[in-house]
Amino acid sequence: GHTRCPCLVLLAPSTRTRPRNRSWGETMSIHPTVVEVAPQPQAIRRDTFAFNIHAEEPTEVLLALLLGNERFATNLLSKRQRQVPSYRRQQLIPSQHPKVAVLGCADSRVPVEIIFDQALGDIFTTRVAGNALGVTTQGSLEYAVLHLNVRVVLIMGHENCGAIKAAMMPPEALASEPPVLKELIGKITTTLSHTPRGENMLNDEERLKMNVQANAKAQAEEFRALPHIKERIHGNELEVVPAYYDMGLGKVILLEEVVAESMTKRIAGVPKAQRDSLAPGAIQQSGGMCGCCMGKKKLIG
Amino acid sequence: RALILQQAPKVAVLGCADSRVPIEIVFDQGLGDIFAIRVAGNVHGINVQGSLDYAIHHLRIKLVVVMGHEGCGAVKAAQLPEDQVANEEPMLRSLLTTMKADLASHSATLEAITDAKCREREAVAVNTQAQVLKILREPAVRGKVQRGELMVVGAFYEISA
Chain A
1 GHTRCPCLVL LAPSTRTRPR NRSWGETMSI HPTVVEVAPQ PQAIRRDTFA
51 FNIHAEEPTE VLLALLLGNE RFATNLLSKR QRQVPSYRRQ QLIPSQHPKV
101 AVLGCADSRV PVEIIFDQAL GDIFTTRVAG NALGVTTQGS LEYAVLHLNV
151 RVVLIMGHEN CGAIKAAMMP PEALASEPPV LKELIGKITT TLSHTPRGEN
201 MLNDEERLKM NVQANAKAQA EEFRALPHIK ERIHGNELEV VPAYYDMGLG
251 KVILLEEVVA ESMTKRIAGV PKAQRDSLAP GAIQQSGGMC GCCMGKKKLI
301 G
Chain B
1 RALILQQAPK VAVLGCADSR VPIEIVFDQG LGDIFAIRVA GNVHGINVQG
51 SLDYAIHHLR IKLVVVMGHE GCGAVKAAQL PEDQVANEEP MLRSLLTTMK
101 ADLASHSATL EAITDAKCRE REAVAVNTQA QVLKILREPA VRGKVQRGEL
151 MVVGAFYEIS A
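Written as C-alpha cells, this is what we have:
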C-alpha cells in the first residue's frame, strides 16, 4: 500500500510489509527507491517540549507555541500532530480544554495548528480574512476566554495578506467587489487609517508588512480594552499578544517587544537536552522520506 | 516559500473554532490547500461572508464546505434559555442569538427527539444547514452555483469516528 512521507507527499508502494500495529516512534517502512544522500541525526528536539501548551500560566503557553513554531520552521515536526490514534480522539469527545485561542487569517497558507506544530485539542482557532475582529470573531474569542478559560489570545497577521493589501487600495479600486467583502475590507481600512502611513518611505512589500503588523496590533489593542478582557489581563490570567507570521522563514514573530524579549530569554535558558531519536511522539526519520522534506534524500522513479 | 506570492486553494471550509477540529489535519491537507474560515459554531456573519466572497471571487474556489461537529459547545450554548444567553457579553450574545434564531425554525423537530445525544447531533446538523442556506442566498454566490461553477455543501464531523 501507499505510505506518506511525514511532509505528506504520497510515496509509491513499498515492497516491505508494513507493521500491523503502529506505535509511537515506530519506523515507517523504507521506500525502495529512496537513495540516502547524506545520513544525518534526525531527532526531534526534546528541548522544544520544555513548555506545556496546556499550562495555566499564560507565559508558559506562549513559550510552548513559540517552540512549536520553531519545530515547524526548522522542519522537525512532531508526529503527534498528524497521527491521531482513535483513543486520543475519544478522550476529546466530552469537551475541549485548550489554553490558547488564535485569531488568524483564513488564508490557506497559514494553517494555525500546523505552523505551531500542535495537535487536536490544543488551540481554539478563529480564522477570517484579514484576521478581522467582528461580531463572529470577537464573539468566538470571548467564548474562548470566558467559557473555555484560555490563557493566551494571539492575534496573528501574515506576510502578503490579500485582505490587508485590499484595505490599502483606494476605495475606487474596490467598487466592483461584493458588498459584504467591501464592508470587511472597509473596516480594516478604518483601523489602518489610525496608524502611520509611511507611503513615501517604504517599498510596497515593506509597506504591506507594516500595515499587516499595524492591523494585528490595533486589533490586540481593541480586544484588550474590553472590560471583561482587561480584568483578566490585570489578574494575570490572560495575555493578549499581536503576532506576525513570516512565510519565508516560517516563523511567528511577537509584535510586542517587551513580551518577545522575555520569551527569547526564557527559551535561551532552557538546557539543550540530549538529542534522542526515540523521544515519544517523535517521527522516526530514518526511512520513508521524500526529497522535499529533509532535503537529504532523493526520490527516484 | 513557493506560496509567498499567492495562494491557490480550490476549496474553502467554514468550520468551528473548536480546538478538536483543526481543518487541515482532519482532511489531511497541508499548506496552501484549504481556505479555512473558523468561528465558534461555524456561524455565518459579515466576516465569514466577506472571507467567502474573497475566496469565491478572487481565489476562484470551486467548493465551499460548511462543517459542523459532534459536541459543538456553541450550538449547546445557543440552546440555553434566553435569560442565560442575555447575560453574555454583547458580541458573544449576538453570535449565540443568531444561532438560536437559526435553530428556532426547527424547534418542533428538535423537541420531538427524546435522546439527548441524538438531539444534540440534530441541532448541529440544523445549524450547519442553516449556514449553508444563508451562504446560498448571497447574490454573489447564487449566480455561480446556478451556473455550476461553485458547490456549497454541509458536513458533519464526528470526533469519535
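The listed protein sequences correspond, in order, to chains A and B. For the first sequence, the numbering used here begins at 1 and goes up steadily by one. For the second sequence, the numbering used here begins at 1 and goes up steadily by one. Ideal Cβ positions, reconstructed from N, Cα and C, are used throughout, including at glycine. From a predicted model like this one, the values you see are computed outputs, not experimental measurements.
What residue range does the alpha helix (DSSP H) around residue i cover?
| i | result |
| --- | --- |
| B/Arg-137 | 116 to 137 |
| B/His-69 | Note, B/His-69: premise wrong, no alpha helix (DSSP H); beta strand (DSSP E) at 63 to 69. |
| A/Thr-264 | 257 to 268 |
| A/Thr-191 | 179 to 193 |
| A/Val-374 | Because chain A is modelled from 1 through 301, residue 374 of chain A falls outside the range shown and cannot be assessed. |
| B/Ala-165 | Because chain B is modelled from 1 through 161, residue 165 of chain B falls outside the range shown and cannot be assessed. |
| B/Gly-73 | 73 to 78 |
| A/Ile-164 | 162 to 167 |
| A/Gln-138 | 135 to 142 |
| B/Lys-100 | 90 to 104 |
| A/Pro-58 | 58 to 73 |
| B/Gly-45 | That residue, B/Gly-45, is in no alpha helix (DSSP H); it is neither H nor E in DSSP. |
| B/Ile-25 | 23 to 26 |
| A/Glu-113 | 112 to 115 |
| B/Leu-5 | Element bounds for B/Leu-5: n/a, residue is neither H nor E. |
| A/Leu-92 | 86 to 92 |
Where do the ends of the beta strand (DSSP E) carrying residue i lie?
| i | result |
| --- | --- |
| A/His-326 | Nothing in the structure corresponds to residue 326 of chain A, since chain A is present only between 1 and 301. |
| A/Glu-239 | 239 to 246 |
| B/Tyr-157 | 151 to 157 |
| A/Thr-126 | 123 to 127 |
| A/Val-102 | 100 to 104 |
| B/Phe-35 | 34 to 38 |
| B/Val-85 | Element bounds for B/Val-85: not the beta strand (DSSP E) but the alpha helix (DSSP H), 82 to 86. |
| B/Leu-14 | 11 to 15 |
Skipping 5 residues on each side, what residues in its chain have a beta carbon closer than 7 angstroms to that of residue i?
| i | result |
| --- | --- |
| A/Val-270 | Asp-47 and Ala-50 |
| A/Lys-182 | Leu-174 |
| B/Lys-100 | Ala-78 and Val-85 |
| A/Asn-21 | Bear in mind that a pLDDT of 42 at A/Asn-21, under 50, signals an unreliable position, so the model cannot answer this. |
| A/Pro-39 | Here A/Pro-39 scores only 34 on pLDDT, less than 50, and its place in the model should not be relied on; the value that follows carries that caveat. Here the set comprises nothing. |
| A/Cys-161 | Cys-105, Asp-107, Gly-130 and Val-212 |
| B/Arg-134 | Checking the sequence shown, residue 134 of chain B turns out to be Lys, not Arg. For B/Lys-134, where only same-chain residues beyond five positions count, the Cβ hits under 7 angstroms are His-44. |
Return the chain-ordered list of same chain residues with a C-beta closer than 6 angstroms to the C-beta of residue i, the five sequence neighbours on each side being excluded.
| i | result |
| --- | --- |
| A/Ser-23 | Summary for A/Ser-23: the model assigns pLDDT 41, below 50, so the residue's position carries little reliability; its value from the coordinates is reported in the next sentence. The answer is none, since no qualifying residue turns up. |
| A/Val-84 | Leu-120 |
| B/Ala-74 | Ala-40 and Gly-41 |
| B/Lys-117 | none |
| B/Ser-51 | Ile-37 |
| B/Ala-162 | The structure shown does not extend to residue 162 of chain B, since chain B is modelled only from 1 through 161, so no value can be given for it. |
| B/Ile-129 | The displayed chain sequence assigns Gln, not Ile, to residue 129 of chain B. If we look at B/Gln-129 and ignore the five residues flanking it on each side, its Cβ neighbours are Gly-154. |
To the nearest whole angstrom, what separates the beta carbons of residue i and residue j, a pair I think is in contact under 8 angstroms?
| i | j | result |
| --- | --- | --- |
| B/Arg-119 | B/Glu-70 | Not a contact, Cβ separation roughly 13 angstroms. |
| A/Val-145 | A/Val-241 | The pair is not a contact, with the Cβ atoms about 13 angstroms apart (cut-off 8 angstroms). |
| A/Pro-98 | A/Ile-123 | 6 angstroms |
| A/Gly-130 | A/Leu-184 | 7 angstroms |
| A/Ala-73 | A/Gly-250 | 4 angstroms |
| B/Thr-98 | B/Val-43 | 6 angstroms |
| A/Thr-126 | A/Glu-113 | About 13 angstroms; that fails the 8 angstroms criterion. |
| B/Val-126 | B/Leu-103 | 6 angstroms |
| B/Leu-14 | B/Val-48 | 6 angstroms |
| A/Ile-164 | A/Asn-200 | Going by Cβ atoms, the distance from A/Ile-164 to A/Asn-200 rounds to 19 angstroms, so no, they are not a contact pair. |
| A/Thr-136 | B/Gly-45 | 4 angstroms |
| A/Ile-93 | B/Ile-159 | 5 angstroms |
| A/His-158 | A/Tyr-245 | 4 angstroms |
| A/Ala-243 | A/Ala-216 | 7 angstroms |
Taking 8 angstroms as the limit between beta carbons, can you name the residues of its chain near residue i, skipping five residues before and five after?
| i | result |
| --- | --- |
| A/Gly-238 | Checking the sequence shown, residue 238 of chain A turns out to be Leu, not Gly. Answer for A/Leu-238: Pro-58, Val-145, Val-150, Arg-151, Val-152, Val-153, Ile-229 and Arg-232, listed in chain order. |
| B/Ala-8 | Gly-32 and Leu-59 |
| B/Ile-56 | Ala-12, Val-64, Ala-140, Val-141, Lys-144 and Leu-150 |
| A/Val-259 | Leu-62, Glu-239 and Val-241 |
| B/Val-124 | Gly-68, His-69, Glu-70, Cys-72, Val-75 and Phe-156 |
| A/Asp-117 | Gly-68, Asn-69, Arg-71, Phe-72, Leu-77, Ser-78 and Gln-81 |
| B/Gln-34 | Per the sequence presented here, residue 34 of chain B reads as Ile, with Gln not at that position. Same-chain partners within the cutoff: Pro-9, Val-11, Ala-12, Val-13, Ile-23, Glu-24 and Phe-27. |
| B/Cys-16 | Arg-38, Val-39, Ala-40, Gly-41, Asn-42, Met-67, Gly-68, His-69, Cys-72 and Ala-74 |
| A/Glu-60 | Phe-51 and Asn-52 |
Are there three or more Cβ pairs, one per stretch, closer than 8 angstroms when the stretch 60 to 76 of chain B is compared with the stretch 187 to 200 of chain A?
no
Can we say the stretch 152 to 169 of chain A touches the stretch 69 to 88 of chain B, given the rule of at least three CB pairs closer than 8 angstroms?
Counting Cβ pairs under 8 angstroms, fewer than three are found: no touch.
Is the number of C-beta pairs between the stretch 87 to 106 of chain A and the stretch 68 to 78 of chain A that are closer than 8 angstroms three or more?
no
Could you pull out every unbroken beta strand (DSSP E) segment of at least 3 residues lying fully inside the stretch 191 to 234 of chain A, listed in chain order?
If only uninterrupted beta strand (DSSP E) runs of at least 3 residues are considered, none is enclosed by the stretch 191 to 234 of chain A.
For the 8 angstroms Cβ check, are there 3 or more pairs between the stretch 248 to 268 of chain A and the stretch 14 to 29 of chain B?
no
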